[in-house]
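Enquirer: Residue numbers for the sequence shown follow my numbering, beginning at 957 and rising by one. Beta carbons: idealized from backbone N, C-alpha and C, even for Gly. Here's a structure for you.
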Amino acid sequence: MKSIREVHSEGEDWLETHPFERWTLHQDEGYRYGITTTNMGECLNGLYVGLRAMPISSIVLHTFFRTVTWFIERYQAAYQMLNAGIYIPKKITDDMKPWSERAKWHKVTLFSRRDSRFAVVTGSGPDSSKGGNAQTGILDAKNGIRECTCGKLQGRHLPCSHAYAAARSVNLNPLILVSPYYKTPYVVRV
Ligand SMILES: [Zn+2]
């Protein structure tokens, strides 16, 4: 906030009047799964392209039937994936691939094997000059506690590169850190 004040004091005053969880993913306790209000606005804009000039009743009808259709299409796609033995959709595994790759260069120190408390120092890898950041976290599978100081694990409900590295160091499959909401069995049940 101090940095914001240095740049724009009125902006900081405005932000101070709004709860942190309303305008920062970092503070929203994972409720938005990493989706920002801007992302959601863009989705709706895409839906309403070509519809804005129509009567409101037509817009409501179109929105309703389009949403119903999307539910059916996603159900069918998830059902096919599930029958093929795919539990995590390709879109999700593709999104996670860079974090999985980056984790190979991290150095993990384990503090507790019982609840997998860890510290990770990031490595740079062959094609990056970054590295040297330190994060700490906990992967307590038994009690369902999964936290990393980077905040991405809790915010997106997907393993960050630090969680990938920590999980591998204790022979834990990182994919158990993927929220069930992203997995095909859950989508089929919706
Ligand atoms: Zn992390």
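In the DSSP assignment, the alpha helix (DSSP H) including D1096 goes from what residue to what residue?
Expert: It is not in any alpha helix (DSSP H) - D1096 instead sits in the beta strand (DSSP E) that spans 1090-1096.
Enquirer: How would you label G1115, buried or exposed, when you count the other beta carbons within 10 angstroms and need 16 or more for buried?
Expert: The question names Gly, but residue 1115 is Pro in the sequence shown. Under this definition P1115 is a buried residue.
Enquirer: Quick check on the DSSP output: the alpha helix (DSSP H) that includes E962 runs from which residue to which?
Expert: 958-963
Enquirer: Kindly identify the DSSP beta-bridge partner or partners of K1063.
Expert: V1077
Enquirer: For ligand 1, which residues have a Cβ under 7 Å from at least one heavy atom, in chain order?
Expert: Q1091, G1093, C1104, T1105, C1106, K1108, L1109, C1116, S1117, H1118, A1119
Enquirer: Give me the DSSP bridge partner(s) of E1103.
Expert: I1094
Enquirer: Please classify S1068: does DSSP put it in a helix, a strand, or coil?
Expert: strand
Enquirer: Just how far apart, CA to CA, sit S965 and S959?
Expert: 9 Å
Enquirer: Tell whether a beta-carbon distance below 9 Å holds between L1038 and P1136.
Expert: no
Enquirer: Please classify G967: does DSSP put it in a helix, a strand, or coil?
Expert: Note: G967 maps to helix in three-state DSSP.
Enquirer: Could you tell me if the beta carbon of W979 falls within a distance shorter than 8 Å of some heavy atom in ligand 3?
Expert: Only ligand 1 can be found as ligands here, which leaves ligand 3 out of the picture.
Enquirer: Determine the extent of the alpha helix (DSSP H) in which L1114 is found, giving its start and end residues.
Expert: Careful: L1114 lies outside any alpha helix (DSSP H) and carries neither H nor E.
Enquirer: If you drop the 5 nearest sequence neighbours on each side, which residues of the same chain put their C-beta closer than 6 Å to that of G1079?
Expert: W1061, H1062, G1087
Enquirer: Between V1076 and H1113, is the Cβ-Cβ spacing less than 9 Å?
Expert: no
Enquirer: Determine the DSSP secondary structure at H1118, reduced to helix, strand or coil.
Expert: helix
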